[in-house]
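Here the structure comes first, spelled out in structure tokens, and everything after it is commentary.
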Amino acid sequence: MQEHEKYYSNEGSWNKVQIFAKKAGSNVIYAVLILYFTLQKPDIPLRAKATIAGALGYFIFPIDIIPDVTLGVGFVDDLGMITAALFQVAMYIDEDIKKHAKDKLKDWFGENIDTSEIDDKLK
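The numbers in full-length UniProt numbering rise by one with no breaks, and the one at position 27 of the sequence shown is 27.
Written out as structure tokens, the structure is:
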């Protein structure tokens with residue numbers, strides 16, 4: 001993940017999320033938002049920030065194992081990388097972070113979103 005950290009930027013994250021949100025699906029975007037909002041916390045250690053930045057950098061980077069334009073499976077590798085990062089920084093993810101992510105998700109996908117798949121993994 002650390003090798004992709006150099007590709008992370010706030011602007012790059014938001015641009016990719018907005019462009020690919022519907023195609024990636026709410027689970028991928030919810031996980032990305034959780035990582036993004038966790039990264040904004042001032043009290044998380046540098047190692048956790050590097051893990052998050054690496055995962056988000058991988059998400060942003062246009063060339064990855066499975067190209068994002070590949071129908072049906074283009075975001076599988078992204079979700080894998082994002083999920084791995086979620087597990088590594090789970091201790092820093094609180095209910096406030098999840099609420100921020102869900103609120104943003106509702107803005108983009110509407111009220112009827114199911115975040116239980118990601119939430120269950122974070123328990």
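Glycine residues also receive a C-beta, built at the ideal position from the N, C-alpha and C atoms. Predicted, not measured: the structure shown is a model, and the values here were computed from it.
Boundaries of the alpha helix (DSSP H) around PHE37: 26–39. Sorting THR83, PRO42, ILE97 by C-alpha distance to the C-alpha of ILE118 places THR83 at the top. VAL28 sits away from ASP107, with the two beta carbons spaced by 8 Å or more. Here PHE109 has SER26 as same chain residues with Cβ atoms under 7 Å from its own Cβ, once five neighbours each way along the sequence are excluded.
Residue state for LEU122 is assigned as coil, using DSSP reduced to three classes. Here ALA101 is buried. Its C-beta has 16 or more other C-beta atoms within 10 Å.
Cβ-Cβ separation between PHE59 and VAL89: approximately 15 Å, too far for a contact (criterion under 8 Å). Non-local beta-carbon contacts of PHE37 in its own chain, meaning distances under 8 Å to residues more than five positions away in sequence, involve ILE97, HIS100, ALA101 in chain order.
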